[in-house]
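First up is the structure itself, then whatever we jot down about it.
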Amino acid sequence: MTWDIALILGIDGLANGAVYLLAGLGLVLIFSVTRVVFVPFGDVAAFSALSLAAFETGRTPATIGLVLTLAALAVAAELWSLARRGEYGRMPRALVGWGLLPALPCLAAWAISGHEAPAAVRIIVAIALVVPIAPLVARVALQPIADASVLVLLITSLALHFLLSGLGLLFFGPEGSRTGPLLDGALTLPGGFPVSAQVMLMIGSAVVLSAMFFLLFERTVQGKALRATAVNRIGARLVGIRPARTALLAYTLASLLAGLIGVLIAPVMTMYYDSGFLIGLKAFVAAIIGGLVSYPLTAIGALAVGAVESFASFWSGALKDVIVFSLLIPVLMLRSFMARHIEEEAEEIDQ
Amino acid sequence: MKQRHIVLGVVVVALAAAPQVLGNFAVSLLNDIGIGALVALGLVLLTGVGGATSFGQAAFVGIAAYGTAWLTTTQGASPWLGLLFALGLTGFAALAIGALTLRLGGHYLPLSTIAWGLSIAMLFGNIDALGRHTGLSNIPPLHLGSWSLAGPRAIYYLVWSLLGLACLFSYNVLQSRPGRAIRGLRGGSTLLASVGADAFRVRLTLFVLAALLAGLAGWLYAHMNRFVSPSPFDVRASIEYLLMAVAGGLGQLSGALVGAALVLIMKNGLQDVLPLLSQRGGQLEAVAFAVLFIVLLHQARGGLMGFITRRFGKFWAAPAAPLSEDVEPLPRRTPPPRGELLLSVKGAVKRFGGLVAVNDVSFDVRAGEIVGLIGPNGAGKSTMFNLVTGTSPMTAGRVEFLGQDVTGHAQQRIARAGLARTFQHVKLRPQMSLLDNVALGAHARARSGLIAAGLGLDRREEAQILAEAHRQLARIGLADRAHELAGSLPLGTQRILEIARALAADPVLLVLDEPAAGLRRKEKQALGELLRRLREEGVTILIVEHDMDFVMKLVDRLVVMTFGSKLTEGAPAAVRANPQVQAAYLGSGVEKPAAACADTSAAASAALATPVELARTA
Chain A
855 MTWDIALILG
865 IDGLANGAVY
875 LLAGLGLVLI
885 FSVTRVVFVP
895 FGDVAAFSAL
905 SLAAFETGRT
915 PATIGLVLTL
925 AALAVAAELW
935 SLARRGEYGR
945 MPRALVGWGL
955 LPALPCLAAW
965 AISGHEAPAA
975 VRIIVAIALV
985 VPIAPLVARV
995 ALQPIADASV
1005 LVLLITSLAL
1015 HFLLSGLGLL
1025 FFGPEGSRTG
1035 PLLDGALTLP
1045 GGFPVSAQVM
1055 LMIGSAVVLS
1065 AMFFLLFERT
1075 VQGKALRATA
1085 VNRIGARLVG
1095 IRPARTALLA
1105 YTLASLLAGL
1115 IGVLIAPVMT
1125 MYYDSGFLIG
1135 LKAFVAAIIG
1145 GLVSYPLTAI
1155 GALAVGAVES
1165 FASFWSGALK
1175 DVIVFSLLIP
1185 VLMLRSFMAR
1195 HIEEEAEEID
1205 Q
Chain B
72 MKQRHIVLGV
82 VVVALAAAPQ
92 VLGNFAVSLL
102 NDIGIGALVA
112 LGLVLLTGVG
122 GATSFGQAAF
132 VGIAAYGTAW
142 LTTTQGASPW
152 LGLLFALGLT
162 GFAALAIGAL
172 TLRLGGHYLP
182 LSTIAWGLSI
192 AMLFGNIDAL
202 GRHTGLSNIP
212 PLHLGSWSLA
222 GPRAIYYLVW
232 SLLGLACLFS
242 YNVLQSRPGR
252 AIRGLRGGST
262 LLASVGADAF
272 RVRLTLFVLA
282 ALLAGLAGWL
292 YAHMNRFVSP
302 SPFDVRASIE
312 YLLMAVAGGL
322 GQLSGALVGA
332 ALVLIMKNGL
342 QDVLPLLSQR
352 GGQLEAVAFA
362 VLFIVLLHQA
372 RGGLMGFITR
382 RFGKFWAAPA
392 APLSEDVEPL
402 PRRTPPPRGE
412 LLLSVKGAVK
422 RFGGLVAVND
432 VSFDVRAGEI
442 VGLIGPNGAG
452 KSTMFNLVTG
462 TSPMTAGRVE
472 FLGQDVTGHA
482 QQRIARAGLA
492 RTFQHVKLRP
502 QMSLLDNVAL
512 GAHARARSGL
522 IAAGLGLDRR
532 EEAQILAEAH
542 RQLARIGLAD
552 RAHELAGSLP
562 LGTQRILEIA
572 RALAADPVLL
582 VLDEPAAGLR
592 RKEKQALGEL
602 LRRLREEGVT
612 ILIVEHDMDF
622 VMKLVDRLVV
632 MTFGSKLTEG
642 APAAVRANPQ
652 VQAAYLGSGV
662 EKPAAACADT
672 SAAASAALAT
682 PVELARTA
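From first to last, the protein sequence lines are chains A and B. For the first sequence, my numbering assigns the number 855 to the initial residue and increments by one for each residue that follows. For the second sequence, my numbering assigns the number 72 to the initial residue and increments by one for each residue that follows.
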């Protein structure tokens, strides 16, 4: 391996790492607030990539049907739970919040599809289109069992992934698509080494977004409410934070991140309806390295996973994932050794 | 208990008759269900009972399937030799993987199972000797003598007999000494260590057992399908096994069978029904399956059997084993002569970073006495407690127990030497009966292992343990509630139950962490009487307690700590009169008439009671 190849692999790894970093942030955000490992995260990213590809080829993205279906289910779930509690007065609000609000990006998508909209508009609409997905599926499938054990939540979340990727196949079909680059051209590093602008965009977005996340959590009341819920749900309730609302915020933010990831990787990778799973899994690895709670460690983990993947694929394409996941075990052992868990009781299983 | 036997009998008869009635397709499906249930059974034990989630069981199925496939096709060996080889290989792999990963805590363990589950499955597809992605074919069918088990009907009885035996084995294990330790795993390693069990070894044994069940399934799979390829052993397959266990119910062994049937029938049913409804039925399959699964978990998060047990538990409850009165009691330790030095703490120091929690504390406990360890909040009592019991390591100093240096010994080793403890935050297994909880305490007094227990060879010893547990329950006055669940008791009674568990270990020294907290007056009196009676019987007690009234009436000697150091020690009356102690509890600025302080013990003990500690901090 020469230095040139190492540099190419390094930058490739950095770009991968940037994607895993954003996805890892989303997973940590949801887990820390709701205790749910949100497996369908990658599917949401795939849907935004596929939507953008649909806009480029002048088709109406199938995501519209998906979002409207989910919105109808969420409205039904919300109305049903309000009716059971006899709170009929709050129904109009639920109708607007769960039905009308998710329909707005669908309307926008419908309006621009088939027209030659500017690239920026297409990107924004493609992202906005998938933002309702995570909150909607969470409302329908996860909120009713919010107090179940982590294992049951995880299994439900896995089932949701099967559901979403199944719907993806139904709505988008088995064909893969790839979009044109968001940015053309290349930058030349000192030493005459070219780096494509797309890769720079990916790395830059990851840096800017993670900085924004940091500020959100450190400096805003909403961010502090999220952190408070993550630390102690009951305590957060006592000071007037509503876990359901905080969870909704977490899912929305995560969905937004997934949408961004989708449009960022759409030009560099052919996306299929089920491409999201492996992205989610590797981001999950990064998140675990961060202990599912620490954002800076998640960032380091994401970059490490990206780099290992990139170098491993150079040595053996077939064994790439074997190498990534086998290297995980010593890292986990180190993490577990360093973590001071003097005593931990497993939670009881649900009866 | 009758209903239980009737249901079981009906199930067995129905399964035995099934191949005579059903078509080939249904019998093949039943074979798949049986094989899936074997793997799910391992998961119910490992994940449901033991609390360790595994996303890698399919890899063990694969190791066994490939093992026997390789041996029988390329080496031409008999499939029965293949069984030994497959189980040996799976067991060895599980032992190696478990030894590396089972110390991982929290979410690291499930993630590591994804890691090796994924890696092993990918290796199958990349090894030339295993046929890479094409796999191995022409695996010979099984033969029993001259009887060929090639067809689905022929192998059916082998699959289901093995499943039946595996269920029986697992059931026996859970009702035994190693089974109680396995059921204690969710209570944390400190709980197991306090009864002299090593949580890591218990978990490793359980992990290997679950892997062997998966290995058995893999062997059956290879010789039933006579073809292996990598895809049935990847992470998606592992997830499906986990789905089976969760759908059936992780809390019951029957959940494995019910879950495997539910998942496989649901999938097959959808494959048949959906194409009739829509042309894109094949694509709808995953969606419909996921929806049904989510609905199931919404309605019954404990799985189908969890739901049934909750609804019909009364008719379904396991029969309480009759207690045989005439068993020979478990062997007891010879108690040390009264007055002999039992525990000696010399210059104990514990630092957490810059904070010195315990600073150069020394004291002795002699056989036959009750010693109280008291001090204001934050004095370092609980840290001292952890140092004595070996729960956390000392920074400097020495602890001698029964004349032996036990500094740095593992907690379970100290427990086995005869030191039994209770917990300030009660650590009982809420889903286990009172009797089982107490019997867990006698863990170190018996020896039967997993295999003996599974084969039912431990019956005599088991009767001895249960008789001992019953005796201890009677001692604390809870004998008539032996078969209730510990989680249904009020907190105060749970504390007493912990004492019974500690007593079941036949301890030389009993170390109690605030046993009177949360007890009512009458209960406190009963506890005091119990502890005094134990002293008469030769049990030595070290007690950490806040309730001064209770301690003062009970103990022979007090050790007082404040700010991590030992303030003084001596008889209760002397300690009460000690101006330093009063200053520690009340603050040095408190002015009191000297006469009132010296003569009325009631006033002094009131002054030393907990509410005053609040006054001190205020």
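C-beta: ideal position from N, C-alpha, C; glycine also. Nothing here was measured: the structure is a model prediction, and the numbers come from that model.
### C-beta atoms of B:Gly159 and B:Gly451 nearer than 8 Å
no
### Query
Since B:Arg566 and B:Val497 are thought to touch, with beta carbons under 8 Å apart, how far apart are those beta carbons, to the nearest angstrom?
6 Å
### Query
Between the beta-carbon of B:Val690 and the beta-carbon of B:Leu189, is there less than 8 Å?
Since the displayed chain B opens at 72 and closes at 689, residue 690 of chain B lies outside it and no answer follows.
### Message
Can you pull the chain A neighbours of B:Ala357, defined as C-beta to C-beta under 8 Å?
### Response
Phe1016, Leu1017, Ser1019, Gly1020 and Leu1023
#### Entry: Three-state secondary structure (DSSP) of A:Leu879
helix
#### Entry: Contacts that A:Leu1186 makes with chain B (C-beta to C-beta distance below 7 Å)
Leu175, Tyr179, Leu182 and Ser183
### Task
Measure the Cβ-Cβ separation of B:Ala331 and B:Ala130 and say whether it is below 8 Å.
no
#### Entry: Of the listed residues A:His1015, A:Met1056 and A:Leu1157, nearest to B:Val358 (C-alpha basis)
A:His1015
### Query
What in chain B is Cβ-close to A:Thr1010, meaning under 7 Å?
Ile365 and Leu368
### Task
Counting only runs of 4+ residues fully inside the region 445 to 515 of chain B, write out the alpha helix (DSSP H) ranges in chain order.
452 to 460, 482 to 487 and 505 to 512
### Query
Which runs of the beta strand (DSSP E) spanning at least 3 residues fall entirely within the region 589 to 624 of chain B, listed in chain order?
611 to 615
### Query
Taking Cβ positions only, does A:Ala1002 come closer than 8 Å to chain B?
yes
### Interface flag, B:Ala270 vs chain A, CB-CB below 8 Å
no
#### Entry: For B:Val317 and A:Ile1009, believed in contact at Cβ under 8 Å, the rounded distance
5 Å
### Distance cut-off 7 Å: B:Glu311 Cβ against heavy atoms of the ligand COA
The ligand content of the structure shown is nil, which means the ligand COA is not present either.
### Query
In chain A, what lies closer than 9 Å to B:Phe360 by C-beta?
Ala1013, Phe1016, Leu1017 and Gly1020
### Query
Taking the DSSP output, what are the residues bridged to B:His419?
Strictly speaking, residue 419 of chain B in this sequence is Ala, with His absent from that position. Paired residue(s): B:Val432.
### Task
Can you give me the Cβ contacts of B:Pro501 inside the same chain, cut-off strictly under 7 Å, excluding the 5 residues immediately before and after it?
Leu556, Ala557 and Gly558
### Query
What residues in the region 1172 to 1184 of chain A bring their beta carbon closer than 7 Å to a beta carbon of chain B?
Ala1172, Leu1173, Asp1175, Val1176, Phe1179, Ser1180, Leu1182 and Ile1183
### Query
Do you know offhand how far B:Ala148's Cα is from B:Leu142's?
6 Å
### C-beta neighbour in chain B for A:Val1006, strict 8 Å
yes
### Task
Please name the residue, chosen from B:Gly525, B:Gly289 and B:Asn102, that lies closest to B:Val230 on a Cα-to-Cα basis.
B:Asn102
#### Entry: Proximal residues of chain A, C-beta to C-beta of B:Met376 below 9 Å
By Cβ distance, chain A contributes nothing, its closest Cβ being about 10 Å from B:Met376, past 9 Å.
### Message
Under 9 Å, CB to CB, which of the residues in the region 267 to 292 of chain B have a partner in chain A?
### Response
none
### Message
Rounded to whole angstroms, what is the Cα-Cα separation between B:Pro597 and B:Leu506?
### Response
Checking the sequence, you will find Ala at residue 597 of chain B rather than Pro. Approximately 20 Å, taken between the alpha carbons.
### Task
Determine the direct distance from the alpha carbon of B:Arg224 to that of B:Ala88, and round the result to whole angstroms.
11 Å
### Message
According to DSSP, simplified to helix, strand and coil, what is B:Glu662?
### Response
Since pLDDT at B:Glu662 reaches only 49, below the 50 mark, its modelled position is unreliable, and no value is offered.
### Query
When the Cα of B:Ala575 is compared with those of B:Leu116, B:Gly267 and B:Gln128, which residue comes out closest?
B:Gly267
### Message
So if DSSP puts B:Asp103 in a beta bridge, which residue, or which two residues, is it bridged to?
### Response
None, per the DSSP bridge assignment.
### Query
Ends of the alpha helix (DSSP H) at A:Arg1073?
Ala1051 to Arg1073
### Task
Determine the direct distance from the alpha carbon of B:Phe494 to that of A:Ala1153, and round the result to whole angstroms.
40 Å
### Query
So is A:Ala988 in contact with chain B if we call contact Cβ pairs under 8 Å?
no
### Query
Sorted by chain position, which residues of the same chain lie with C-beta nearer than 6 Å to A:Ala872's C-beta, five sequence neighbours on each side aside?
Met1056, Ile1057 and Ala1060
### Query
At a Cβ threshold of 8 Å, is B:Val459 touching chain A?
no
### Query
If you measure from the beta carbon of A:Arg1032 to each beta carbon in chain B, is any gap under 8 Å?
no
### Message
Using a Cβ-Cβ cutoff of 8 Å, what residues of the region 551 to 565 of chain B are near chain A? List them in chain order.
### Response
none
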